[in-house]
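Numbering (the numbering used here), first residue to last: 26 to 122. Glycine included, every Cβ here is placed at the ideal spot set by N, Cα and C. Heads up, the thing below is written out as structure tokens.
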Amino acid sequence: MDRIIAGAGGDEIIDLLMRFFVEPDQTVLDCEPTFGMYSFAARLADAKIISVPRTNTWDIDIPAMTAAIDGLTRIIFLASRITQLEIYLRKAMREPF
């Protein structure tokens, strides 16, 4: 891997991504509901924010996200609703003690 960004937490890394890769009027995609820092940092960069709603099962609507990509799209945020803790707990609940 030849590209590494170090930062003091996720918010700073999101801010750095915007500063490095997004110019005013370029596009940032996210999938609502999601982390508020994505749209906050995009507004600071004067970027256009396109928020694609999730499906009725709260999954990312991949066809809609794909359709929203255009020549001005610079960053696409895909945040999973399932955390590593949730994956661990689901697995642990299936296994006998």
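| Asked | Found |
| --- | --- |
| Helix, strand or coil: which one does DSSP assign to T98? | strand |
| With T80 as the anchor, note down where its alpha helix (DSSP H) starts and where it stops. | Per DSSP, T80 belongs to no alpha helix (DSSP H) and is neither H nor E. |
| Around the Cβ of A123, are there at least 16 other Cβ atoms within 10 angstroms (buried) or fewer (exposed)? | Absent from the structure is residue 123, since the part of the chain shown begins at 26 and ends at 122. |
| Let me know the secondary structure DSSP gives L54 once reduced to three states. | strand |
| From L54 to A104, what does the alpha carbon distance come to, in whole angstroms? | 11 Å |
| What whole-angstrom Cβ distance do A66 and V77 have, given they're in contact under 8 Å? | Incorrect: roughly 18 Å between the Cβ atoms, too far for contact. |
| Roughly how many whole angstroms lie between the Cα atoms of F45 and E57? | 24 Å |
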